[in-house]
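*Asks:* Letter by letter, the sequence shown follows residues 0 to 472 of numbering that gives the first Met the number 0. Cβ atoms here follow ideal geometry from the backbone N, Cα and C, with glycine treated the same way.
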Amino acid sequence: MDHLTEYLEEKLEELDVPGLDVEYSTSMCGKSGVLTVKLGAKGTYVINKQPPNKQIWLSSPVSGPKRYDYDTTHRVWFYARDGGLMHDLLNRELRESLGDESIEVDLAEEGANSCTPIPMSLPTPSATPHGSPPLAASPSSPLARRKPVLYLPTPIHPAARALAADRFDVIDADSPRAATWTDEADAVVVRQGGVSADEARRAVRLRIIARNGVGTETVPLEVCRERGIAVTNQPGSNAKAVAEQALVLAISVARRTVEFDRRLRRGERMPSIHWLAETLEGKTLGLVGMGDIAREFAKKAACAFDMTILVYSPTSPPSKWTPSDPSGHAPIPHRRVSSLNELLAEADVVSLHCPLNDDTREMMGREQFERMKPGGILVNTGRGGLVDESALLAALSTHEIYGAGLDVLAHEPATLERYGDLFALDNVVVSPHAGAGTHQVQVDSCVDSCVVAVETCARFLEDGGIGKSKRVV
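1. Could you tell me whether the region 395-410 touches the region 368-380, using the rule of 3 or more Cβ pairs below 8 angstroms?
2. Can you list, in chain order, the residues of its chain whose CB lies under 6 angstroms from that of GLU388, leaving out five sequence neighbours each side?
3. Ignore the nearest five residues each way along the sequence and tell me which others in VAL428's own chain have a CB closer than 8 angstroms to its CB.
4. Just the Cα atoms here: how many angstroms apart are PRO152 and ASN211?
5. Go through the region 142-199 residue by residue and report every complete run of the alpha helix (DSSP H) that reaches 4 residues or more, in order.
6. Could you give the C-beta distance for ALA346 and THR283, rounded to a whole number, given that I count them as a contact under 8 angstroms?
7. Please check the pair ARG201 and THR181, which I expect to be a contact at CB under 8 angstroms, by giving their CB distance rounded to whole angstroms.
8. Based on the DSSP output, what are the partners of TYR311 in its beta bridges?
9. Rounded to the nearest angstrom, what separates GLY327 and SER430 at their Cα positions?
10. By a C-beta neighbour count over all protein chains shown, 10 Å radius and 16 as the cutoff for buried, is HIS273 buried or exposed?
11. On the DSSP bridge assignment, give the partners of SER275 in chain order.
12. Run through DSSP, which three-state label would PRO51 get?
13. Based on Cα-Cα distance, which residue from ARG206, ASP305, GLU295 lies nearest to ALA329?
14. So VAL148 and ASP168 are supposed to be a Cβ contact under 8 angstroms. How far apart are they, rounded?
15. Given this structure, state the Cα-to-Cα distance separating ILE292 from GLY235, to the nearest angstrom.
16. Starting from ASP428 and walking both ways along the beta strand (DSSP E), at which residues does that stretch end?
17. What is the rounded straight-line gap between the Cα of VAL336 and the Cα of ALA297?
18. Cutting at 6 angstroms between CB atoms, please list the residues of its own chain near LEU473, excluding the five before and the five after it.
19. With a Cβ-Cβ cutoff of 9 angstroms, do LEU279 and VAL348 count as a contact?
20. Given THR437, which residues of its chain have a CB within under 7 angstroms of its CB, disregarding the five upstream and five downstream residues?
21. Would you identify the three-state DSSP class for LEU395, choosing helix, strand or coil?
22. When you compare the CB positions of VAL222 and ALA186, do they come within less than 9 angstroms of one another, or not?
23. Can you name, in chain order, every residue of its own chain whose Cβ lies under 6 angstroms from the Cβ of LYS319, other than the five neighbours on each side?
24. Leaving aside the five residues before and after ASN435 along the sequence, list all residues of the same chain whose C-beta is less than 6 angstroms from its C-beta, in chain order.
25. Kindly indicate which three-state DSSP category THR380 falls into: helix, strand or coil?
26. If I'm right that VAL472 touches ARG204 with Cβ under 8 angstroms, what's the distance once you round it to whole angstroms?
27. Which of helix, strand or coil does DSSP assign to VAL336?
28. Who are the near neighbours of GLY419 in its chain, counting only those whose CB is closer than 6 angstroms to its CB and skipping five residues on each side?
29. If I follow the unbroken alpha helix (DSSP H) through ARG210, where does it start and stop?
30. Are the beta-carbon atoms belonging to ASP171 and ALA178 less than 9 angstroms from one another?
31. From CYS302, ARG145, GLU243, pick the residue whose C-alpha is nearest to that of ALA433; which is it?
32. List the whole-angstrom C-beta distance separating VAL218 from VAL194, where the pair is believed to meet the contact cut-off of C-beta under 8 angstroms.
33. Taking GLY374 as part of the beta strand (DSSP E), name the residues at either end of that continuous run.
34. I'd like to know whether the C-beta of LEU415 is nearer than 9 angstroms to at least one C-beta of chain D.
35. For ASN342, which residues in the same chain have their Cβ closer than 6 angstroms to its Cβ, ignoring the five residues on either side in sequence?
36. Since PRO332 and ALA301 should fall inside the 8 angstroms C-beta cutoff, what is the C-beta to C-beta distance between them, to a whole number of angstroms?
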């Protein structure tokens with residue numbers, strides 16, 4: 000029996016409800032199992048966990064069978080995340096069947112593989128047996144009269160989508176209702192894309208925009224301030240993954256990985272002397288910005304490749320990354336430079352990690368590429384608008400710089416019509432803004448975004464609070 004099911008069975012047995020009987024059985028391989036909760040005349044609940052199919056099924060006499068997806072490759076996430084889902088779900092089912100709000104299965108305690116499940120606000124019982132329960136709200140709150148509406152401009156992880164559907168009336172981007180989402184939505188979860196200023200003005204019910212990431216340039220902050228719309232983000236949630244992508248891009252460009260791959264697939268044969276590439280070992284990494292991603296990239300580059308770290312970040316305090324850094328992070332050996340030009344002249348790899356604003360837009364232009372080393376590599380996992388793409392194309396085409404690794408472009412999604420000349424070059428490696436595109440990051444940040452949106456929406460409508468969320472506006 001796995002830890003979650005064992006813990007769930009134990010908590011159910013502790014309820015001591017007349018007629019409650021708990022049984023557990025496993026498959027022959029022991030990887031799947033069925034937890035049967037019998038409530039006498041009230042009916043039988045079956046929780047069927049099927050790891051090979053990445054599903055949890057819960058069948059009940061109240062709402063019938065429901066499926067919840069999970070990922071067996073991330074056990075900690077499975078226990079923590081679906082522990083939270085099952086906590087919420089099972090309580091609701093028990094309450095609706097037994098009519099007793101005091102009956103509660105608490106999976107938020109220590110247990111479930113000794114990890115901490117995400118905090119969940121328990122819903123109040125539904126007024127109808129088959130309806131989904133609304134969030135708890137004051138009688139005067141709009142949430143007390145209708146289920147809140149969540150708009151998803153882009154798809155999110157299936158686990159997050161299941162959680163959202165349990166708490167919200169969800170409008171997906173491909174829904175017929177998407178064309179008029181501004182008439183209905185109380186909350187928006189932004190993964191990619193964003194909300195325009197016009198949409199924010201027209202969204203008469205909108206109270207919260209939860210950004211599934213760090214950057215908020217796709218959210219009209221001034222309009223949100225004017226209208227009292229809360230905006231939250233998740234700083235640091237994807238830092239390690241994006242830093243890993245930055246390192247992959249730098250290595251791929253230096254070692255000509257994509258070029259070699261293309262040529263081999265075309266059947267080309269070349270003398271080995273023509274396959275020589277560059278190395279990152281012992282080179283100098285120049286970081287523009289000192290955020291969480293830059294920090295993680297610096298750690299990886301210094302540890303794995305013994306790279307010297309240069310930093311240009313005029314907005315960061317002198318104590319950043321030093322032993323006196325108030326954040327408490329371990330110091331990172333580095334040297335601060337006073338200008339971008341100084342960094343460009345010394346760095347073998349230049350990596351951009353700053354926000355896009357009026358001061359940074361196209362900060363890398365023709366003059367900057369001329370100042371880079373002839374063997375210099377540009378890496379951009381920040382924002383495409385940081386680079387003058389026409390100047391970059393010229394610098395790459397003439398081999399003024401060695402190459403570029405780009406996870407972001409000024410116009411996304413990128414098309415061959417717009418970027419065909421850039422994509423045809425052998426000394427550029429591109430990826431589709433996929434730096435944070437790992438399963439674990441998307442599970443964590445997507446689920447957290449939904450939880451933040453749910454709790455912030457309910458709290459904001461009720462008393463103007465925002466709970467534990469990180470508020471930008």
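*Replies:* Considering the structure as presented:
1. yes
2. ALA409
3. LEU248, SER251, VAL252, THR256, VAL257, GLY402, ALA403, GLY404, LEU405
4. 12 angstroms
5. 157-166
6. 5 angstroms
7. 4 angstroms
8. VAL287
9. 34 angstroms
10. exposed
11. The sequence given here has Leu at residue 275, not Ser. According to DSSP, LEU275 bridges with nothing at all.
12. Here PRO51 scores only 43 on pLDDT, less than 50, and its place in the model should not be relied on; the value that follows carries that caveat. PRO51 falls in the helix class under three-state DSSP.
13. GLU295
14. 5 angstroms
15. 7 angstroms
16. Looking at the sequence provided, one finds Val at residue 428 rather than Asp. Its beta strand (DSSP E) spans residues 427-429.
17. 15 angstroms
18. Only positions 0 to 472 of the chain appear in the structure, and residue 473 is not among them; the question remains open.
19. yes
20. ALA240
21. helix
22. no
23. MET289
24. First, the amino acid is wrong: residue 435 is Ala here, not Asn. Only ASN237, ALA240, VAL241 meet the Cβ criterion.
25. coil
26. The pair is not a contact, with the Cβ atoms about 17 angstroms apart (cut-off 8 angstroms).
27. coil
28. none
29. Taken as a continuous stretch (DSSP letters only), ARG210 belongs to no alpha helix (DSSP H), being part of the beta strand (DSSP E) at 207-210.
30. no
31. GLU243
32. 6 angstroms
33. Element bounds for GLY374: n/a, residue is neither H nor E.
34. Looking at the structure shown, chain D is missing, and only one protein chain is on hand.
35. The question names Asn, but residue 342 in the sequence shown is Leu. So the list reads GLY285, LEU309, TYR311, VAL336, once near-sequence residues are dropped.
36. 7 angstroms
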